[in-house]
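Asks: Per the UniProt record's numbering, the sequence shown starts with residue 1, numbered consecutively. For each residue, glycine too, the CB sits at the ideal point set by N, CA and C. All figures in this text were calculated on a predicted structure; none of them were measured in a lab.
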Amino acid sequence: MKPMIRLISISALVLAAVIAAIYFALPSPQQSISFEEVGPGSSAPQAADSSSTLAAPVLVATAGSDRVTISWAPIVGAASYEIWARQGEDPWERLDDGASLTHNVTTFTHTGLTSGDTYKYTGRAAPVSGELSPWAAEVQATVSHVPSLTAAASAGSIELSWTSVASVDSYQIIMWTDGLTDWERIGDPITGTVTSYTHSGLTERNTYHYRVRAVVDGTEKNWSDSVSEIPVRPAAPATLTATAAVGQVQLTWTAVSDVDSYRLISWTDGQTAWKRIGGTISGTTTSYTHTGLVAGRTYYYRASAVKNGIEGAWTESVSDVPSAPPAPVLSATTGVGQVELSWTAVSGAGSHILIVWTDAQNAWIRIGDPLAGDTTSYTHSGLSAGQTYYYRVGAVVDGTEGAWSNSPSAVPGATFMPGLVASGSAGSVALSWSEVTDADSYQLIVWTPGQTEWERIGGTHSADTTSYTHSGLTAGNTYYYRVRAVIDGTEGPWSEEVDTVP
Numbered sequence: 001m002k003p004m005i006r007l008i009s010i011s012a013l014v015l016a017a018v019i020a021a022i023y024f025a026l027p028s029p030q031q032s033i034s035f036e037e038v039g040p041g042s043s044a045p046q047a048a049d050s051s052s053t054l055a056a057p058v059l060v061a062t063a064g065s066d067r068v069t070i071s072w073a074p075i076v077g078a079a080s081y082e083i084w085a086r087q088g089e090d091p092w093e094r095l096d097d098g099a100s101l102t103h104n105v106t107t108f109t110h111t112g113l114t115s116g117d118t119y120k121y122t123g124r125a126a127p128v129s130g131e132l133s134p135w136a137a138e139v140q141a142t143v144s145h146v147p148s149l150t151a152a153a154s155a156g157s158i159e160l161s162w163t164s165v166a167s168v169d170s171y172q173i174i175m176w177t178d179g180l181t182d183w184e185r186i187g188d189p190i191t192g193t194v195t196s197y198t199h200s201g202l203t204e205r206n207t208y209h210y211r212v213r214a215v216v217d218g219t220e221k222n223w224s225d226s227v228s229e230i231p232v233r234p235a236a237p238a239t240l241t242a243t244a245a246v247g248q249v250q251l252t253w254t255a256v257s258d259v260d261s262y263r264l265i266s267w268t269d270g271q272t273a274w275k276r277i278g279g280t281i282s283g284t285t286t287s288y289t290h291t292g293l294v295a296g297r298t299y300y301y302r303a304s305a306v307k308n309g310i311e312g313a314w315t316e317s318v319s320d321v322p323s324a325p326p327a328p329v330l331s332a333t334t335g336v337g338q339v340e341l342s343w344t345a346v347s348g349a350g351s352h353i354l355i356v357w358t359d360a361q362n363a364w365i366r367i368g369d370p371l372a373g374d375t376t377s378y379t380h381s382g383l384s385a386g387q388t389y390y391y392r393v394g395a396v397v398d399g400t401e402g403a404w405s406n407s408p409s410a411v412p413g414a415t416f417m418p419g420l421v422a423s424g425s426a427g428s429v430a431l432s433w434s435e436v437t438d439a440d441s442y443q444l445i446v447w448t449p450g451q452t453e454w455e456r457i458g459g460t461h462s463a464d465t466t467s468y469t470h471s472g473l474t475a476g477n478t479y480y481y482r483v484r485a486v487i488d489g490t491e492g493p494w495s496e497e498v499d500t501v502p
């Protein structure tokens with residue numbers, strides 16, 4: 001009998017050891033579990049005793065690329081929950097902060113994990129007061145090598161980002177959209193240190209689908225779930241304002257963030273369609289001046305932003321009416337064979353237009369071109385004495401012609417008439433005349449019976465010449481003479497005629 005008793009005793013000891021091993025594998029509801037000190041949270045708390053009225057949670061662990069999500073069904077009577085984890089044989093560590101897992105929360109995500117590693121989880125429920133529930137049955141999950149992919153759309157592009165995978169060599173991205181027969185690789189090569197990629201140059205309103213996978217030690221892992229996005233148009237500038245000035249309209253608009261450029265269009269009466277102005281306007285520019293406009297005409301404008309070649313929505317149209325440059329005040333001063341003109345300056349004038357009208361012309365004619373913007377006077381010379389001349393002047397600012405000035409008139413005076421004396425001698429006539437102040441030159445003409453008209457003689461006589469001998473004449477013939485002065489290019493009136501017989 002003694003051997004049998006010894007065998008039973010040994011078997012009982014072995015069974016007791018097995019039960020004890022199972023009993024202490026999880027934090028016990030009957031006692032506190034302590035571990036070797038490894039830092040905050042390394043020891044499990046005092047467990048509830050078997051008198052707890054709460055059921056233990058049933059945990060489900062779902063692995064992702066760098067995380068594990070723990071979920072459970074609500075426990076009746078629970079006010080909060082605890083979630084604990086460990087890796088391998090490391091000590092259990094509490095994951096929650098003691099306040100966030102309230103009675104209506106039934107998930108917890110354990111983040112920042114290493115792909116390929118396995119994590120174990122348990123937890124328990126706590127009432128408002130009283131004993132904690134028993135520990136939940138342990139569950140475990142291995143962190144996936146599949147990245148978690150997200151997509152964010154912007155104007156003409158989609159920004160892809162994914163969670164990193166441990167020990168990865170590289171990543172591969174594939175894309176599909178309407179019109180493709182199969183998924184298409186994009187972004188190659190993407191190194192293992194990169195976790196984002198921007199797919200640009202996309203068509204607005206098309207839906208684009210994406211997947212990513214990791215390549216670890218030369219092995220291509222599983223593709224992620226697909227994500228999709230639709231590129232959007234850039235927003236229209238929030239405001240567009242138009243401010244008119246002389247011959248121009250100043251346009252300003254609010255900036256649209258992260259755009260490449262802006263476009264402006266204009267329309268006015270006489271156009272059949274909106275017209276682009278300003279070319280390509282930098283994305284950092286928020287103003288433009290439209291110049292060379294017709295005063296009094298209404299101009300309409302719209303603006304849009306451009307990103308990655310995608311033109312955004314247009315603003316509502318705004319309009320304004322450019323004004324004309326003010327009219328100068330013109331004055332005219334008569335001179336001998338000329339009129340001195342002067343006018344008031346116009347701010348911003350680039351040039352001036354001067355016109356004249358006479359009864360003989362019966363039309364306004366431009367004179368003096370070109371007249372610079374800083375010019376405020378002009379001498380109109382070579383005019384006929386006694387004739388009335390009318391004048392107007394206008395300023396041109398940024399290509400816009402302003403209103404005409406008043407129309408002063410002037411009658412050029414005659415040059416002083418020289419007094420002429422003729423004295424005949426054998427075969428010639430000696431001519432002399434009185435000097436005319438400011439004369440540039442003199443002209444002589446002669447007529448004798450048998451001629452059909454007066455004839456110039458002696459060419460141009462200089463200003464300091466007041467005499468001339470007309471020789472080679474026929475004795476007994478009567479010769480008639482006249483002289484006149486030329487001042488500033490204006491020919492004065494002829495003198496009274498004189499005659500003599502050689």
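(1) According to the neighbour-count rule (16 or more other Cβ atoms, all chains shown, within 10 Å of its Cβ), is A63 buried or exposed?
(2) Locate the beta strand (DSSP E) running through F416, then write down its first and last residues.
(3) Mind reading off the beta-carbon distance from A236 to G312? Whole number of angstroms is fine, and I expect it under 8 Å.
(4) Can the beta-carbon of Y480 be found closer than 8 Å to that of W447?
(5) Might you give, ordered along the chain, the residues of its own chain that have their beta carbon closer than 8 Å to the beta carbon of I186, omitting 5 neighbours on each side?
(6) List the whole-angstrom C-beta distance separating W84 from W92, where the pair is believed to meet the contact cut-off of C-beta under 8 Å.
(7) Could you name the residues of the same chain whose beta carbon sits closer than 7 Å to that of T109, not counting the 5 residues immediately before and after it, in chain order?
(8) Which first and last residues belong to the beta strand (DSSP E) in which K120 is found?
(9) Candidates L160, G192, T150, S148: which alpha carbon is nearest D169's?
(10) For my contact list, A79 and R124 are in at a C-beta cut-off of 8 Å; report their separation, rounded to the angstrom.
(11) Going by DSSP, what residues sit across from H380 in a beta bridge?
(12) So, using beta-carbon positions, are W351 and L371 closer together than 8 Å?
(13) Whose C-alpha, out of F416, Y301, K275, A349, is nearest the C-alpha of S287?
(14) Is the number of C-beta pairs between the region 261-273 and the region 338-357 that are closer than 8 Å three or more?
(15) Helix, strand or coil, according to DSSP, for A485 in the structure here?
(16) Hey, how far is the Cα of G427 from the Cα of D499?
(17) Report all residues from its chain with a CB closer than 6 Å to the CB of Q250; omit the five preceding and five following residues, and keep chain order.
(18) For A439, which residues in the same chain have their Cβ closer than 6 Å to its Cβ, ignoring the five residues on either side in sequence?
(19) Take the Cβ of E220 as the centre, count every other Cβ of all protein chains shown within 10 Å, and call the residue buried at 16 or more, exposed below.
(20) Extract the residue ranges of the beta strand (DSSP E) inside the UniProt domain "Fibronectin type-III" (233-326), only unbroken runs of 3 or more that lie entirely within it.
(21) Roughly how far, in whole angstroms, is the beta-carbon of R211 from the beta-carbon of S226, given that I think they are within contact range, below 8 Å?
(22) Just the Cα atoms here: how many angstroms apart are A295 and E204?
(23) Thinking T358 and Q387 are a contact (beta carbons under 8 Å), I'd like their distance in whole angstroms, please.
(24) Could you give the distance in angstroms between the alpha-carbon of residue 503 and the alpha-carbon of S304?
(25) Per DSSP, which one or two residues make a beta bridge with T109?
(26) Enumerate, from N- to C-terminal direction, the unbroken beta strand (DSSP E) stretches of 3 or more residues contained entirely within the region 150-234.
(27) Per DSSP, V397 is paired with what?
(28) Which residues does DSSP pair with S471 in a beta bridge?
(29) Does the structure place the region 389-402 close enough to the region 319-329 that three or more beta carbon pairs sit under 8 Å?
(30) Answer yes or no: do G489 and S381 have a C-beta to C-beta separation smaller than 8 Å?
(31) Going by alpha carbons, who is nearest to H461 out of E453, I445, T452, G450?
(32) What distance in whole Å lies between the Cβ atoms of G116 and V143, which are believed to be in contact at a cut-off of 8 Å?
(33) Among the candidates I281, L293, E316, whose CA atom is the shortest distance from the CA of V306?
(34) Does the Cβ of T163 have 16 or more other Cβ atoms within 10 Å, making it buried, or fewer, making it exposed?
(35) Can you tell me whether P189 is buried or exposed, with buried defined as 16 or more other CB within 10 angstroms of its CB?
(36) With distances taken between CB atoms, is the gap from T241 to V318 smaller than 8 Å?
Replies: In brief:
(1) If you number the sequence shown from 1, residue 63 lands on position 63. Result: buried.
(2) In the sequence shown, counting from the first residue as 1, residue 416 sits at position 416. F416 -> no beta strand (DSSP E), and no H or E assigned at all.
(3) Numbered from its first residue, the sequence shown carries residue 236 at position 236. Numbered from its first residue, the sequence shown carries residue 312 at position 312. Confirmed, about 6 Å.
(4) By 1-based counting over the sequence shown, the position of residue 480 is 480. By 1-based counting over the sequence shown, the position of residue 447 is 447. In contact: Y480 and W447 (Cβ atoms closer than 8 Å).
(5) In the sequence shown, the residue the question calls residue 186 occupies position 186. Result list for I186: I173, I174, M175, Y197, H199, in chain order.
(6) Your numbering for residue 84 matches position 84 in the sequence shown. Your numbering for residue 92 matches position 92 in the sequence shown. Yes, W84 and W92 are in contact; Cβ-Cβ is about 5 Å, under 8 Å.
(7) Residue numbering aside, residue 109 sits at position 109 when the sequence shown is read from its first letter. R67, T69.
(8) Residue mapping note: residue 120 aligns to position 120 of the sequence shown, counting from 1. Its beta strand (DSSP E) spans residues 118-126.
(9) On the sequence shown, residue 169 is found 169 positions in, with the first residue counted as 1. Out of L160, G192, T150, S148, G192 has the C-alpha closest to the C-alpha of D169.
(10) Within the sequence shown, numbered from 1, the residue matching residue 79 stands at position 79. Within the sequence shown, numbered from 1, the residue matching residue 124 stands at position 124. At roughly 12 Å, the Cβ-Cβ gap does not stay under 8 Å, so A79 and R124 are not in contact.
(11) Stepping through the sequence shown from its first residue, residue 380 is reached at position 380. Answer is V339.
(12) Here residue 351 refers to the residue found at position 351 when the sequence shown is read from its first residue. Here residue 371 refers to the residue found at position 371 when the sequence shown is read from its first residue. In the sequence under discussion, the amino acid at residue 351 is Ser, which differs from the Trp named in the question. Yes.
(13) Taking the first residue of the sequence shown as position 1, residue 287 is located at position 287. Of the candidates F416, Y301, K275, A349, the one whose C-alpha sits nearest the C-alpha of S287 is Y301.
(14) no
(15) Taking the first residue of the sequence shown as 1, we reach residue 485 at position 485. If DSSP states are grouped into helix, strand and coil, A485 belongs with the strands.
(16) Stepping through the sequence shown from its first residue, residue 427 is reached at position 427. Stepping through the sequence shown from its first residue, residue 499 is reached at position 499. Distance between the alpha carbons of G427 and D499: 14 Å.
(17) Counting from one through the sequence shown, the residue named residue 250 turns up at place 250. Cβ neighbours of Q250 beyond the five flanking positions: T243, T289.
(18) Against the sequence shown, residue 439 aligns to sequence position 439. Result list for A439: A463, A485, I487, in chain order.
(19) Locating residue 220 in the sequence shown gives position 220, where the first residue counts as 1. So E220 ends up on the exposed side.
(20) 240-245, 248-253, 261-268, 275-282, 287-290, 299-307, 318-320
(21) By 1-based counting over the sequence shown, the position of residue 211 is 211. By 1-based counting over the sequence shown, the position of residue 226 is 226. Confirmed, about 5 Å.
(22) Working through the sequence shown from its first residue, we reach residue 295 at position 295. Working through the sequence shown from its first residue, we reach residue 204 at position 204. Their Cα atoms are separated by approximately 41 Å.
(23) For the purposes of this step, residue 358 is taken as the residue at position 358 of the sequence shown. For the purposes of this step, residue 387 is taken as the residue at position 387 of the sequence shown. Correct: roughly 6 Å between the Cβ atoms.
(24) Because the chain in this structure spans residues 1 to 502, residue 503 falls outside the shown range and cannot be described.
(25) Counted from its first residue, the sequence shown places residue 109 at position 109. DSSP lists T69 as partners of T109.
(26) 157-162, 168-177, 184-191, 196-200, 208-216, 227-229
(27) In the sequence shown, residue 397 corresponds to position 397, counting from 1. V397 is bridged to T400.
(28) Within the sequence shown, numbered from 1, the residue matching residue 471 stands at position 471. For S471, which the question treats as bridged, DSSP gives the partners S428.
(29) yes
(30) For this step, residue 489 is matched to residue 489 along the sequence shown. For this step, residue 381 is matched to residue 381 along the sequence shown. Contact flag set, yes.
(31) Here residue 461 refers to the residue found at position 461 when the sequence shown is read from its first residue. Of E453, I445, T452, G450, the residue nearest in Cα terms is I445.
(32) Translated into positions along the sequence shown, residue 143 becomes position 143. Translated into positions along the sequence shown, residue 116 becomes position 116. At roughly 6 Å, the Cβ-Cβ gap stays under 8 Å, so V143 and G116 are in contact.
(33) Position 306 of the sequence shown holds residue 306. The option with the nearest alpha carbon to V306 is I281.
(34) The sequence position of residue 163 within the sequence shown is 163, counting from 1. Under this definition T163 is a buried residue.
(35) For the purposes of this step, residue 189 is taken as residue 189 along the sequence shown, with counting starting at 1. P189 comes out exposed.
(36) Counting from 1 along the sequence shown, the entry for residue 241 is found at position 241. Counting from 1 along the sequence shown, the entry for residue 318 is found at position 318. Closer than 8 Å, so yes.
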